[in-house]
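Numbered per the numbering used here, the sequence shown spans residues 423 to 629. The beta carbon of each residue, even a glycine, is placed where N, CA and C say it ideally should be. Report on one structure; see the data block that follows.
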Amino acid sequence: MFRLIPRDMSFNVLMEQSADVVVKTASAYRDLMREYGRRDELVQRIRQLEHEGDEVMHRTLEKLDQTFITPFDREDIQVLVTRMDDVIDEVDAAGKRLTLYRIEAPTSWLEKQSQVLLEACEHVREAVKRLRDLKHVDGLYQHLIDIRKLESIGDDNNHAAVAEMYNTTTDAILAMKMKEIYDRTERAIDRCDDIANTIQAIVLKNA
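Now the structure itself:
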């Protein structure tokens, strides 16, 4: 499509900054599962990234309010940055509960889920980068496909983790605490799938 007005790439910069924070947060969460002895440090790192993500989101929303012509549908940009912030918020909530509930050690399922989440977030970042060039979307679509595969794996993992926990633990209170952490982690993965749907909508409207 011929454009009389050049596309404002500053929104792409902001969205990419948000995606970078998403990956850093997921990476810190995966590290938390693998290096639980550093939990205080890593939970604090996640909290710092949550603040950083909020700042990027607010800058993006402020720019939306101040900009008459946006490169994509205004609502799609808002949903995209909000969903990325949701990923960070869910991870922050899960990390805080690990220390708040005094969980002695993460389960193998949590470590698996943290890796699934990190991989999904890395695909989110790559897909967001490719919004700069909507004339060549083949590579972008592959990232969306991979996100959806990972969401399905995460869903299966969550069901298996909860089933195993209820079938093996005799501590009902611990089971409730762990289920909340499992669910927060699963919701972070689900939000990546929501992001994939939003990116697909942007492509369909603008490619």
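Once the 5 residues before and after Val538 are set aside, which same chain residues still bring their CB inside 7 Å of it? What you label residue 538 is simply residue 116 of the sequence shown in a count that begins at 1. The beta carbon of Val538 sits closer than 7 Å to those of Leu572, Ile575, Gly576, Asn579, Ile611, all from its chain and outside the five residues before and after it, given in chain order.
Note the first and the last residue of the continuous alpha helix (DSSP H) segment covering Phe494. Walking along the sequence shown from the start, residue 494 turns up at place 72. Phe494 -> no alpha helix (DSSP H), and no H or E assigned at all.
Taking C-beta to C-beta, are Gly475 and Asp507 nearer than 8 Å? In the sequence shown, counting from the first residue as 1, residue 475 sits at position 53. In the sequence shown, counting from the first residue as 1, residue 507 sits at position 85. It is a contact, given that the beta carbons lie within the stated cut-off.
When Asn619, Ala441, Ser432, Val435 are compared against Leu540, the one with the closest alpha-carbon: Against the sequence shown, residue 540 aligns to sequence position 118. Minimum Cα distance to Leu540 is reached at Ala441.
Proximal residues to Arg554 (C-beta, below 8 Å), its chain only, five neighbours per side dropped: Indexing the sequence shown from 1 puts residue 554 at position 132. Contacts found: Met431, Asn434.
Would you give the residue range spanned by the alpha helix (DSSP H) that Ile525 belongs to? Translated into the one-based positions of the sequence shown, residue 525 becomes position 103. Looking at the DSSP string, Ile525 is not in any alpha helix (DSSP H), and its letter there is neither H nor E.
Suppose you measure from the CA of Arg606 to the CA of Thr592; what does that come to, to the nearest Å? Here residue 606 refers to the residue found at position 184 when the sequence shown is read from its first residue. Here residue 592 refers to the residue found at position 170 when the sequence shown is read from its first residue. Cα-Cα distance, rounded: 22 Å.
Limits of the alpha helix (DSSP H) - the one that Arg442 falls within: Against the sequence shown, residue 442 aligns to sequence position 20. According to the sequence shown, residue 442 is Asp rather than Arg. Segment 432-456, the alpha helix (DSSP H) holding Asp442.
Run the CB neighbour count on Ile624, radius 10 Å, all protein chains shown included, and call it buried at 16 or more, exposed below. Along the sequence shown, one-based indexing puts residue 624 at 202. That one is buried.
Can Ala448 and Val513 be called in contact, C-beta distance under 8 Å? Against the sequence shown, residue 448 aligns to sequence position 26. Against the sequence shown, residue 513 aligns to sequence position 91. Yes, Cβ-Cβ distance for Ala448 and Val513 is below 8 Å.
If I follow the unbroken alpha helix (DSSP H) through Val559, where does it start and stop? Counted from its first residue, the sequence shown places residue 559 at position 137. Counting along the chain, Val559 falls outside any alpha helix (DSSP H), and DSSP gives it neither H nor E.
Determine the extent of the alpha helix (DSSP H) in which Ala623 is found, giving its start and end residues. Here residue 623 corresponds to residue number 201 of the sequence shown, with the count starting at 1. DSSP places Ala623 inside the alpha helix (DSSP H), whose first and last residues are 594-628.
Coil, strand or helix - Thr529 by DSSP: The residue labelled residue 529 in the question sits at position 107 within the sequence shown. The answer is coil: DSSP assigns Thr529 none of H, G, I, E or B.
Measure the C-alpha to C-alpha separation of Glu484 and Thr590 and round it to an integer number of angstroms. For the purposes of this step, residue 484 is taken as residue 62 along the sequence shown, with counting starting at 1. For the purposes of this step, residue 590 is taken as residue 168 along the sequence shown, with counting starting at 1. Rounded to the nearest angstrom, the two C-alpha atoms are 50 Å apart.
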